[in-house]
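Participant:
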Amino acid sequence: MKKPMGVLIITLPALFSSGCTPIGLSSKHASSPEVARISSKELQTFKPPLPVRTPEAPAPPTLQDFHKAYQQLQQHPKDPTALMRYGEMALAVGKVAEGVRALLKAARVAPHAQAPFVLLARLYQDAGYTDLEIEALRHLVSLKAKDPNVYLRLMEIYLELHWLELIPPILQTVKRLTPHNPNVSFLEARYLFETGHTQKAIRILQHLFAQHPQDEDIAFYLTSYLTAAEQLPEAEQTIRVALQHSPTSARLQLLLAYTLERIGDPKSFPEALALSKNALQTVLAQKRSDLVAEAYYREGKAYLLMGQTQDALTAFQQSYQTNPAFEDVAFQLGRLKVREGDRAGGTKLIHFYETIKNNSISYGTARDLVNSHFADPVSHLRMAKWYMRLGIYNDAVVEYKEALRLRPSDKRALEGLKGALLAMGRRTEAHQIALRGG
346 MKKPMGVLII TLPALFSSGC TPIGLSSKHA SSPEVARISS KELQTFKPPL
396 PVRTPEAPAP PTLQDFHKAY QQLQQHPKDP TALMRYGEMA LAVGKVAEGV
446 RALLKAARVA PHAQAPFVLL ARLYQDAGYT DLEIEALRHL VSLKAKDPNV
496 YLRLMEIYLE LHWLELIPPI LQTVKRLTPH NPNVSFLEAR YLFETGHTQK
546 AIRILQHLFA QHPQDEDIAF YLTSYLTAAE QLPEAEQTIR VALQHSPTSA
596 RLQLLLAYTL ERIGDPKSFP EALALSKNAL QTVLAQKRSD LVAEAYYREG
646 KAYLLMGQTQ DALTAFQQSY QTNPAFEDVA FQLGRLKVRE GDRAGGTKLI
696 HFYETIKNNS ISYGTARDLV NSHFADPVSH LRMAKWYMRL GIYNDAVVEY
746 KEALRLRPSD KRALEGLKGA LLAMGRRTEA HQIALRGG
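For the sequence shown, the residue numbers in the working numbering are 346 to 783.
(1) Ignore the nearest five residues each way along the sequence and tell me which others in L504's own chain have a CB closer than 8 Å to its CB.
(2) Would you say the region 712-727 touches the region 443-452, given that touching needs at least three Cβ pairs under 8 Å?
(3) Of the residues T604, A595, I608, D635, which one's Cα is nearest the Cα of K622?
(4) Under 8 Å Cβ to Cβ from I695, same chain only, skipping five residues before and after it: list those, please.
(5) Could you tell me the alpha carbon to alpha carbon distance between A460 and R607, rounded to whole angstroms?
(6) Could you tell me if N704 is buried or exposed, where buried requires 16 or more neighbouring beta carbons within 10 angstroms of its beta carbon?
(7) Go through its chain and collect everything with a Cβ distance to E672's Cβ below 7 Å, but skip five positions before and after it.
(8) Go ahead and pull the three-state DSSP assignment for G524.
(9) Does DSSP classify A546 as helix, strand or coil?
(10) Counting pairs of beta carbons, one from the region 728-735 and one from the region 686-695, are three or more of them closer than 8 Å?
(11) With a cut-off of 8 Å on the beta carbons, I'd call T627 and T593 a contact; round off their distance for me.
(12) On a Cα-Cα basis, can you pick out the residue from P611, L408, L601, L468 that is closest to A442?
(13) Measuring straight from C-alpha to C-alpha, what distance separates E685 and T654?
(14) Once DSSP output is grouped into helix, strand and coil, what is the label at A775?
(15) In chain order, which continuous runs of the alpha helix (DSSP H) of length 4 or greater are located wholly inside the region 683-750?
(16) Exposed or buried, what is T407 when buried is set at 16 or more other beta-carbons lying within 10 Å of its beta-carbon?
(17) Locate the alpha helix (DSSP H) running through R643, then write down its first and last residues.
(18) A624 and L658: beta carbons closer than 8 Å?
(19) When you compare only the Cα positions, how much space is there between Y570 and V723?
(20) Nearest to L667 by alpha carbon, out of L759, L485, L629?
(21) Since D656 and Y648 should fall inside the 8 Å C-beta cutoff, what is the C-beta to C-beta distance between them, to a whole number of angstroms?
(22) State the DSSP-derived secondary structure class of K423, mapped to helix, strand or coil.
(23) Is T593 helix, strand or coil by DSSP?
(24) Could you tell me which whole alpha helix (DSSP H) segments of length 4 or greater appear in the region 553-639?
(25) What residue does the alpha helix (DSSP H) around H484 start on, and which one ends it?
(26) Taking DSSP as the reference, what is the three-state secondary structure of F661?
(27) Return the first residue and the last residue of the alpha helix (DSSP H) that K756 is part of.
(28) I believe V495 touches L482 by the beta-carbon criterion, under 8 Å. Please report the beta-carbon distance rounded to the nearest angstrom.
(29) Among the candidates L485, A564, Q517, P456, whose CA atom is the shortest distance from the CA of A466?
(30) Quick one, are the C-beta atoms of L620 and A602 less than 8 Å apart?
(31) Ignore the nearest five residues each way along the sequence and tell me which others in K746's own chain have a CB closer than 7 Å to its CB.
(32) Mind checking whether F462 and A435 have CB atoms under 8 Å apart?
(33) Should L488 and V529 be called a contact, given that it needs their Cβ atoms to be closer than 8 Å?
(34) By Cβ distance, which residues of its chain are closer than 8 Å to T523, with the 5 residues on each side in sequence left out?
(35) Quick one: grab the DSSP three-state call for Q409.
(36) Using 10 angstroms around the beta-carbon of G645, count the other beta-carbons present and answer buried if the total reaches 16, otherwise exposed.
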């Protein structure tokens, strides 16, 4: 099954070549009960914050509260409640290191208490320490946590890593905990699409979209999946309804422009061009660097379809300068340069595109092998190396650790893990790995 444009960008961020800076795009945050917001151009899946279910204080904690918690901890240094309270107060007043140490101690003193691990999971997520976040979340799962956000976040991570075989039991549990949660349905649809059940995924998203037509992310994924299934009229209808609710959304405007290009009706090409231009003005005004390359690219494609090659050349050049690895902009620009007589420059761009295309295919193959050969440490090593090349060091750490779980004495995994930790600035942990022989 051919994957849709947007989903390709999410799941295959490897459009790069040797020496090309990895694409690093911002993500948006959201909280439940709404369906989490997802940037269509981010390298990784969305990371909504894991809500901490603690009683709300009447006012923000103060230094006086912190000192009071410290005094209580001095009186009861091994009391998990005192440790938790001190940890929370320390974090609230900006003493992050002290807060983390207190929470870690609370987790050691009371390993069956959930609150310390919930807070630690949130901290690890904010820090980008996905490996430690997974450990905290898995511990909460082993404690049979009742908070559905624990399972939702773990599903998000597994989707990001393409560890699809680990998702079904998590999905079953969270559906029992909260059977009518739209977040659950949304992630289930993504899982079903990734496992080849496109029509089931579409039906779930259509139901969600009927209930939440204002939600851009439901509309984005539904339109993308419909496009993947070549159900283009339904895709166009979906995105037009979504734009009625969010008429200034650059992301939705670009998606409609893409959909119109796919449908291929020449009467719609001027609308696709207008949508691209409007989106470009919006993203430039909002400084949305994650969408600038696409806006120029969509403008170039519309010009090209309308036969305005000089305008297309200019737009493609702008897209290429913003992100030379975006989709096939290097190929489109190279082909136009050849037609304009710059054979050397055009051929160089086309060869560049072939390089990033081949790398993208290799990356996708490695990603699929992680899922199909999950118990093979070699597949995790291969994926970790790709993450290192892309600069996604947190996921590289996860894959190296999984390889070591499967083969504890693997020298390549130890050496790779040390390098990934150093790249993240986690020097103490890297030193510990070096002592193990890495």
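We put the beta carbon where it would ideally sit given N, CA and C, even for glycine.
Facilitator: Answer, in terms of the structure:
(1) Short of 8 Å from the beta carbon of L504, and not among the five residues preceding or following it, lie these beta carbons of its own chain, in chain order: T390, I512, L532, R535, Y536, E539.
(2) no
(3) A595
(4) A675, F676, G679, R680, V683
(5) Cα-Cα distance, rounded: 50 Å.
(6) Under the 10 Å beta carbon count, N704 is surrounded by 16 or more other beta carbons and is classified as buried.
(7) Y642
(8) Looking at the sequence shown, residue 524 is not Gly but Pro. In this structure, P524 counts as coil in the three-state DSSP scheme.
(9) helix
(10) no
(11) Confirmed, about 6 Å.
(12) L468
(13) Taking the Cα positions, E685 is about 10 Å away from T654.
(14) helix
(15) 688-717, 722-735
(16) exposed
(17) In the DSSP assignment, R643 falls within the unbroken alpha helix (DSSP H) covering 634-650.
(18) Taking 8 Å as the cut-off, the Cβ atoms of A624 and L658 do not count as close.
(19) When only Cα atoms are considered, Y570 and V723 end up about 32 Å apart.
(20) The question names Leu, yet the displayed sequence has Thr at residue 667. Cα-wise, what sits closest to T667 is L629.
(21) The beta-carbon distance between D656 and Y648, rounded to whole angstroms, is 4 Å. This is short enough to meet the 8 Å contact definition.
(22) coil
(23) In this structure, T593 counts as coil in the three-state DSSP scheme.
(24) 561-573, 577-590, 595-608, 614-631
(25) Where H484 is concerned, the enclosing alpha helix (DSSP H) stretches over 475-487.
(26) Helix at F661.
(27) Looking at the DSSP string, the run of the alpha helix (DSSP H) that includes K756 is 756-768.
(28) That pair is a contact at about 6 Å.
(29) L485
(30) yes
(31) Counting only Cβ-Cβ distances below 7 Å, and skipping sequence neighbours, we find D476, L762.
(32) no
(33) Not closer than 8 Å, so no.
(34) Here the set comprises P493, V529.
(35) helix
(36) buried
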